[in-house]
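For the protein sequence lines, the chains are A and B, in the order given.
The numbers in the first sequence follow my numbering, run straight up by one, and end at 332.
The numbers in the second sequence follow my numbering, run straight up by one, and end at 332.
Number of protein chains: 2
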Amino acid sequence: MNIQQLEYLIAVDNFRHFAKAAEVCCVTQPTLSMMIQKMEDELGVKIFDRSKHPIEPTEIGKKIIEQARVSLLQLKQITEIVDNEKQIVKGSFILGIIPTIASYLVPEILARQQNQYSETELILRERTTTELISDIMKGVVDGGILAGPLNHPDIEEIPLYYEKFYAYVSPLDKLHQEKEIDLSLIDIHNVWLLENEHCLRGQIERLCKMKRVDSNIAVRYESGSIETLIHVVDYNPGITIIPEMHAMGLTEDQQEHLRPFKDITAVREVSLIVRKDYVRRTMLDIIKTLVKESVPKSMQDPKLKEYVVNL
Amino acid sequence: MNIQQLEYLIAVDNFRHFAKAAEVCCVTQPTLSMMIQKMEDELGVKIFDRSKHPIEPTEIGKKIIEQARVSLLQLKQITEIVDNEKQIVKGSFILGIIPTIASYLVPEILARQQNQYSETELILRERTTTELISDIMKGVVDGGILAGPLNHPDIEEIPLYYEKFYAYVSPLDKLHQEKEIDLSLIDIHNVWLLENEHCLRGQIERLCKMKRVDSNIAVRYESGSIETLIHVVDYNPGITIIPEMHAMGLTEDQQEHLRPFKDITAVREVSLIVRKDYVRRTMLDIIKTLVKESVPKSMQDPKLKEYVVNL
DNA sequence: TTTTTTTAATAAATTTCATTTATAATTTTT
DNA sequence: AAAAATTATAAATGAAATTTATTAAAAAAA
């Protein structure tokens with residue numbers, strides 16, 4: 022067994038097609054056929070079921086492929102360690118970002134990256150928190166930006182900034198006349214929320230110490246984006262809760278509907294996350310700098326940490 | 022870069038000598054010289070400092086070697102996955118055991134292994150809890166037996182049995198006339214303890230809710246083995262606390278000095294531990310069976326779990 | 001059903017690359 | 001300074017990956 026063979030294995034699994042995989046590997050099709058067979062002989066098991074069309078891995082084949090991916094990831098880290106040590110920033114960085122952060126951060130950091138670090142390639146992908154953790158552990162993405170803390174044993178979190186929560190109150194709502202919003206006065210029925218997969222929703226539920234019991238409350242509408250929630254609130258009674266970065270982007274008219282909370286400061290901690298064994302630290306420093314430059318200094322005060330709403 | 026080269030690299034690091042490493046790898050010395058050079062050229066860094074005698078890895082070399090070990094461990098798991106799936110129990114199993122468990126378990130399980138599973142090779146190594154965790158993570162040992170729970174994120178714990186604690190009271194001590202020992206009456210000065218690196222000592226300190234402040238108490242003697250502690254107590258006033266397995270091996274005379282504790286049952290949980298990604302599960306089942314057969318059924322009641330003294 | 005196309009396997013030739021043998025260079029020990 | 005130990009280098013060898021050419025088998029199309 023050799024590294025090349027493992028790469029062929031992964032290519033065949035990705036394409037489920039020997040000829041296409043061969044092309045990507047820059048070899049001819051018989052090479053793959055022979056090398057995969059050689060692995061199968063050596064291990065004494067069939068890895069692919071060639072009677073299926075397109076071919077698919079056998080049960081044991083799936084396990085072998087999974088472990089081959091892990092092995093190749095670890096092998097790749099050898100060269101990454103060396104490149105990092107040589108301060109060589111090579112290759113692209115795939116960064117996953119959760120939607121409620123992405124919309125404000127992505128344009129900023131993309132522009133800065135083009136100007137200041139155009140020699141690096143930054144690929145941005147929108148992911149939910151769950152997807153992000155999974156992809157980071159698999160090595161499919163290099164790092165992620167999300168609302169922490171996660172406290173995952175194999176993930177390192179690098180706090181970037183702290184984002185205050187604001188109430189966005191409908192002009193049609195009686196709460197609109199208040200200067201500050203008392204959390205205890207918020208009626209569960211009148212809070213417009215994001216869909217369940219958004220972690221921001223969880224934080225808001227936590228902040229309001231409420232958990233909507235969907236079974237007996239008719240949920241009128243749950244949105245996939247904060248923009249939509251704001252539009253809903255503009256024309257319907259009720260409130261929604263939005264993070265600072267979003268508040269900054271509102272029109273002057275909309276700013277009128279923003280209210281701070283009474284007596285409490287609530288923030289979410291936005292962190293850059295990577296696997297603990299991630300080795301491209303020079304690249305990571307660039308990403309970190311990039312994001313921090315894109316965010317007002319006032320939001321980077323570590324003292325804000327104590328107001329973090331956990332999930 | 023190929024797997025062979027990585028193996029050469031590890032061999033050279035282990036021996037710090039090209040010729041000796043070559044012999045172990047079953048190749049000639051020039052092969053190693055050339056292959057290590059090839060890796061160095063490919064990575065663009067020197068891995069070994071050949072001006073030192075014996076040669077030693079450079080700073081970056083150390084990192085490369087460390088990652089090479091991780092990679093080889095992951096690669097080895099590919100064949101292990103296949104062997105395990107084929108129900109083939111191949112190769113030896115290196116089992117680390119902490120001293121206070123080893124002395125009673127080792128003879129039993131060795132004998133049983135010889136009789137029932139002589140086709141497997143079981144290698145036993147005595148390790149402290151700290152060493153054991155480190156060696157398991159490095160893959161130097163396959164599994165370990167220790168007192169849990171550990172709650173380590175990357176280690177799986179398989180509870181094996183629960184071992185009661187007993188007081189062993191000196192005939193010269195006034196507590197000797199009591200039928201049961203009241204923990205609150207134990208005088209810190211009169212408890213003979215193991216040396217600090219034994220986790221059993223920590224559990225006993227926890228049980229007695231005491232932490233000897235060494236600075237102002239002259240520690241008369243701390244032993245490396247329970248046997249020695251028992252001998253000390255046989256001829257000196259005071260008590261010591263010993264686990265059930267040990268109590269069973271005492272002479273009839275010594276059994277007279279055994280006392281249960283008043284009102285409480287205290288046990289330690291003995292567990293088999295492996296890395297969470299350990300793949301030789303068939304082998305693991307054999308080890309588990311082996312140990313369980315060596316321990317009285319009465320000690321395997323899961324209900325005993327609630328009396329566990331944590332650390 | 002038959003033909004055509006797609007896809008993977010096989011055989012022989014070729015090339016690449018690890019390895020060996022023999023030897024040189026360098027450092028350490030005596 | 002000579003001998004011994006240790007690593008590096010050069011040319012020859014051999015094993016294994018790869019290619020080209022072809023076959024076999026299965027799926028899709030006619």
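Note that CB positions come from ideal geometry on N, CA and C, so glycine has one too.
Item: Going by DSSP, which residues form a beta bridge with A:T261?; Value: A:Y189 and A:W213
Item: Taking the alpha carbon of A:V212 as the point to measure from, which residue in A:E226, A:H219, A:E199 and A:S113 has its own alpha carbon closest?; Value: A:E226
Item: Find the nearest neighbour of A:I154 within the set A:L167, A:L94, A:K283 and A:I99, judged by alpha-carbon distance.; Value: A:L167
Item: Measure from the alpha carbon of A:G245 to the alpha carbon of each residue in A:L53, A:F39, A:G112 and A:T121, then state which is nearest.; Value: A:T121
Item: A:V291 and A:Y328 look like a contact to me (Cβ under 8 Å); what is the Cβ gap, rounded to whole Å?; Value: Going by Cβ atoms, the distance from A:V291 to A:Y328 rounds to 13 Å, so no, they are not a contact pair.
Item: Is it buried or exposed, B:I99, if we count other Cβ atoms within 10 angstroms and call 16 or more buried?; Value: buried
Item: Have a look at the DSSP bridge pairing and note the partners of A:E314.; Value: DSSP output for A:E314 lists no bridge partner at all.
Item: Which bits of chain B does A:L96 rub up against, with CB to CB less than 7 Å?; Value: S92
Item: If you measure beta-carbon to beta-carbon, which residues of the segment 54-67 of chain B are closer than 8 Å to chain A?; Value: L64, G65 and V66
Item: Identify each residue in the segment 99-121 of chain A for which the Cβ-Cβ distance to at least one residue of chain B is less than 8 Å, and report them in chain order.; Value: I99, T100, I102, V103, E106 and K107
Item: Is the beta carbon of B:A89 sitting closer than 7 Å to the one on B:L30?; Value: yes
Item: Near B:S92, what residues of its chain come up, given a Cβ to Cβ distance below 8 Å and the 5 sequence neighbours on each side ignored?; Value: L27
Item: Three-state secondary structure (DSSP) at B:T72?; Value: Here residue 72 of chain B is Ser; the residue named in the question, Thr, does not match the sequence. Looking at B:S72 - three-state DSSP - the assignment turns out to be coil, as it is neither helix nor strand.
Item: If you draw a straight line from the alpha carbon of B:Q3 to that of B:L221, how long is it in whole angstroms?; Value: Outside the shown range of chain B, which is 22 to 332, sits residue 3 of chain B, and nothing can be said about it.
Item: Rounded to whole angstroms, what is the Cα-Cα separation between A:I260 and A:I307?; Value: 38 Å
Item: Does B:N23 come within less than 7 Å of chain A when only Cβ atoms are used?; Value: yes
Item: Check the DSSP bridge columns for A:L143 and list the partner residues they point to.; Value: A:F114
Item: Name the chain B residues whose beta carbon is nearer than 8 Å to that of A:A89?; Value: I99
Item: Is the separation between the beta-carbon of B:L181 and that of B:V312 shorter than 7 Å?; Value: yes
Item: Quick check: A:I119 and A:Y189, are their CB atoms within less than 7 Å of each other?; Value: no
Item: Can you find a CB in chain B that lies within less than 7 Å of the CB of A:P174?; Value: yes
Item: Look up B:Y138 in the DSSP assignment and say whether it is helix, strand or coil.; Value: coil
Item: Using DSSP's beta-bridge definition, name the partner residues of A:A168.; Value: A:V291
Item: Using 8 Å for Cβ pairs, my map puts B:H278 next to B:P192. What's the rounded Cβ distance?; Value: 6 Å
Item: Assuming contact is defined by CB atoms lying nearer than 7 Å, are A:I247 and A:G165 in contact in what I supplied?; Value: no
Item: Can you list the residues of chain A that B:I76 reaches, using a CB-CB cut of under 8 Å?; Value: Correct list: empty, because the minimum Cβ distance to chain A is about 19 Å.
Item: If we cut at 7 Å on Cβ distances, does A:S236 have a partner in chain B?; Value: Its pLDDT being 47, under 50, A:S236 is placed unreliably by the model, and the measurement read from it follows with that caveat. Chain B, which has no Cβ nearer than 7 Å to the Cβ of A:S236, makes this no.
Item: Give a yes or no on whether the minimum CB-CB distance between B:P170 and chain A is below 7 Å.; Value: no
Item: So B:L126 and B:L143 are in contact, right, with Cβ under 8 Å, and what is the actual spacing, rounded?; Value: At roughly 12 Å, the Cβ-Cβ gap does not stay under 8 Å, so B:L126 and B:L143 are not in contact.
Item: Against chain B, with Cβ distances strictly below 7 Å, would A:K313 count as a contact?; Value: no
Item: Determine the contact status of B:K326 and B:E177, defining contact as a CB-CB distance below 7 Å.; Value: no
Item: Quick one: is B:K159 near chain A, going by C-beta distance under 7 Å?; Value: no
Item: Closest Cβ-Cβ distance between B:I31 and chain A: below 7 Å?; Value: no
Item: In whole angstroms, give me the CA-to-CA distance for B:F114 and B:L94.; Value: 15 Å
Item: Compare the beta carbon distance of B:T303 and B:Q108 with 7 Å and say whether it is the shorter of the two.; Value: yes
Item: Select from B:Q50, B:M60 and B:I179 the residue whose C-alpha is nearest the C-alpha of B:F36.; Value: B:Q50
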